[in-house]
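Just so you know, the sequences run in chain order A and B. Sequential numbering of the first sequence, starting at 21, is according to our numbering. Sequential numbering of the second sequence, starting at 2, is according to our numbering. Yeah, the Cβ is synthetic: ideal placement off N, Cα and C, and Gly gets one too. Keep in mind the model is a prediction, meaning the values are calculated, not measured. Reading through the structure tokens given below for one structure.
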Amino acid sequence: MGIREQNDVLRQELAAAKDELSRLRENASEVERLRRLLAIAPPEEWKRQGTRVISHRLGPNAALETFVIDKGSASGVSTNTPVVSPEGVVGRVLRYSPSAATVLLITDPNSRIPVISQKNRAQGILKGEGPDRELSLQYVPQGVPVEEGEILVTSGLEEIFPKGLPVARVTSVGRSGSSLFQVIRAAPLFGSLRMEEAALLFKGEPVPLPQPGADGAPDPASAPGKPGKFPKTPAAMAPPERTAAPAPAAHAVQPAPAQPKREAVAPAPKREAPPADADRKKSRKHPRAEGQ
Amino acid sequence: MRPARIVFWVFFTLSGLWLQSLVPGVDFLAPGLILAMQEEKWTVPVWLGLVWLFLQEGAGSLPFGSSILWYGALAGLYFFGHWLFEARNFLFVFILGGSLGAMHFLLIGVMVLLQDQTVPVERLLTESALQALIFPVEWGLVYLIHHHLPDSADAA
Chain A
21 MGIREQNDVL RQELAAAKDE LSRLRENASE VERLRRLLAI APPEEWKRQG TRVISHRLGP
81 NAALETFVID KGSASGVSTN TPVVSPEGVV GRVLRYSPSA ATVLLITDPN SRIPVISQKN
141 RAQGILKGEG PDRELSLQYV PQGVPVEEGE ILVTSGLEEI FPKGLPVARV TSVGRSGSSL
201 FQVIRAAPLF GSLRMEEAAL LFKGEPVPLP QPGADGAPDP ASAPGKPGKF PKTPAAMAPP
261 ERTAAPAPAA HAVQPAPAQP KREAVAPAPK REAPPADADR KKSRKHPRAE GQ
Chain B
2 MRPARIVFWV FFTLSGLWLQ SLVPGVDFLA PGLILAMQEE KWTVPVWLGL VWLFLQEGAG
62 SLPFGSSILW YGALAGLYFF GHWLFEARNF LFVFILGGSL GAMHFLLIGV MVLLQDQTVP
122 VERLLTESAL QALIFPVEWG LVYLIHHHLP DSADAA
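Have a look at this one:
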């Protein structure tokens, strides 16, 4: 083999080695990121599921601070599913399709999360102020101690995020004129543009939502692209299923044979209506009959 | 459609999406729609518009319908405008870009208002200005490239 040929072979080997090195570096970086993601310890009764960020803000309709993840209703994702990173809370699911979902970041002006300061336990509402801007902590009365550098964690009052997840770090505390509340700024703990993976939190095991058309009938509640269709208040929720009346205390010791639920809620058949009702109906009809 | 044109539109779509990820809030596909309406058979802008509409709807964060209004208004502006101006006139395209910038501000403003949401006005203004500036420049570039395609009558 001549020197020229040997040189060509070595060049090819060098190119292959560089390619492999680049690939391995990328793998090592991914392993590091996934390891940090796996280190997220979900609170009790909550399950964690990893997801990839497949797109950041894109196009003329990207009005809100969002990104798209590769998990949708087929993986149990629904509106308001919490999205977290190893650093802290990222946002919540705004809308979803079977295989993807749009996440509203906490930096968006439409995002508001009830939080509590970790050290002084001051409560407030953390509001996004837009991209590249700090968040504002609202409704913290004057006199309530809040320190710079303090971590704000979710209070769990909105029943979307579990309690105690870190969200932001207080950067400045001040007051403005005659306002009753302090002016507090906080920096989010995650960098949205650097995010490649995130974790979804589910209360209990994630249950894939029924797909429209899977059983022939679309489920309006799980229709993709319909944010805010879930009831927001307990009063707006559908009434719970009626169950049999609770057994008296004596039954707890010696439980009575269980009765089917249907019997407990089924209305009495018309034939078994008390005779008094039938008489009353007849009495109502009589005047008309007489009148005719 | 000839292979060179298919490659051109595929490449244009991919480049447009890549540029949209670099400059969020700006539509880099809209100049292509105008070019397709000017230079291609009517079926081409219809198909391209349909594909781009779904891409923009899926990538965006507004309810379905915003892109229909967006591209519908753009097509309407073009048809209305080319009665008054020469369709390939740069001034016409410049006016079209300005109108598109204004429309971005209005459309996004109205859509978020209807959803009871807010967007930072400064960012919306910046995006509108960028849209108005980028539109004629990009149209000029793709117009030149399109006219130098191998199967083009003007190709050298």
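For residue i, which of helix, strand or coil comes out of DSSP?
i, result
"A219(A)", "strand"
"Y116(A)", "strand"
"R195(A)", "strand"
"W140(B)", "helix"
"A206(A)", "strand"
"S95(A)", "helix"
"S105(A)", "coil"
"P228(A)", "coil"
"K183(A)", "coil"
"A61(A)", "coil"
"I126(A)", "coil"
"P80(A)", "coil"
"S131(A)", "coil"
"F1(B)", "Beyond the ends of chain B as shown, which are 2 and 157, falls residue 1(B); an answer cannot be given."
"S175(A)", "coil"
"L41(A)", "helix"
"Q143(A)", "strand"
Mind listing the chain E neighbours of residue i? Cutoff is C-beta to C-beta under 9 angstroms, in chain order.
i, result
"L63(B)", "Any reference to chain E falls outside this structure, whose protein chains are A and B."
Do residue i and residue j have their C-beta atoms closer together than 8 angstroms?
i, j, result
"V193(A)", "I204(A)", "yes"
"F181(A)", "E107(A)", "no"
"L36(B)", "H147(B)", "yes"
"V110(A)", "A218(A)", "yes"
"D28(B)", "P151(A)", "no"
"E216(A)", "V97(A)", "no"
"F222(A)", "Q69(A)", "yes"
"V113(A)", "V123(A)", "yes"
"G98(B)", "A76(B)", "no"
"F93(B)", "G82(B)", "yes"
"E178(A)", "D128(A)", "no"
"T191(A)", "E154(A)", "yes"
Any heavy atom of the ligand ATP closer than 7 angstroms to the beta-carbon of residue i?
i, result
"F13(B)", "For the structure depicted, the ligand ATP is absent and the ligand set is empty, with no information on it obtainable."
How close, in whole Å, do the beta carbons of residue i and residue j come, if the pair is a contact with beta carbons under 8 angstroms?
i, j, result
"V104(A)", "I60(A)", "6 angstroms"
"L63(B)", "M112(B)", "5 angstroms"
"F191(B)", "G33(B)", "The question about residue 191(B) has no answer here: the residues shown for chain B are numbered 2 through 157."
"V120(B)", "A83(A)", "5 angstroms"
"G163(A)", "K67(A)", "Contact doesn't hold; Cβ gap of about 40 angstroms is too wide."
"P313(A)", "N140(A)", "Residue 313(A) cannot be examined here, being either before or after the span of chain A that is shown, 21 to 312."
Give me, in chain order, the residues of the same chain whose beta-carbon lies closer than 6 angstroms to that of residue i; leave out the 5 immediate sequence neighbours on both sides.
i, result
"R132(A)", "I145 and K147"
"V273(A)", "At V273(A), the pLDDT of 35 sits below 50, so the modelled position is not reliable and the matter cannot be decided from this model."
"S196(A)", "V203"
"L157(A)", "G144, L146, I204 and A206"
Going by beta carbon distance, what residues of the same chain come within less than 8 angstroms of residue i, once the five residues before and after it are set aside?
i, result
"L34(A)", "none"
"K183(A)", "P63, V173, T174, S175 and G176"
"F91(B)", "P137 and G141"
"A120(A)", "I74, V88, I89, D90, K91 and G92"
"A94(A)", "P118, S119, P228, L229 and Q231"
Kindly list the residues whose CB is nearer than 7 angstroms to the CB of residue i, restricted to its own chain and excluding five residues on each side of it in sequence; keep chain order.
i, result
"S185(A)", "Looking at the sequence itself, residue 185(A) is Leu, so the reference to Ser does not match. If we look at L185(A) and ignore the five residues flanking it on each side, its Cβ neighbours are V104, G108, V109, V173 and T174."
"I69(B)", "L54"
"G236(A)", "Annotation note: pLDDT 42 at G236(A) (below 50); position unreliable, no value reported."
Next on the checklist: If we require 4 or more residues per run, which alpha helix (DSSP H) segments fall completely within the region 15–53 of chain B?
Outcome noted: Along the length of the region 15–53 of chain B, whole alpha helix (DSSP H) runs at least 4 residues long occupy 31–40, reported in chain order.
Next on the checklist: Threshold first: 3 residues or longer. Then list the beta strand (DSSP E) segments lying entirely within the region 105–139 of chain B, N to C.
Outcome noted: Counting only runs of 3 or more residues that sit fully inside the region 105–139 of chain B, no beta strand (DSSP E) segment turns up.
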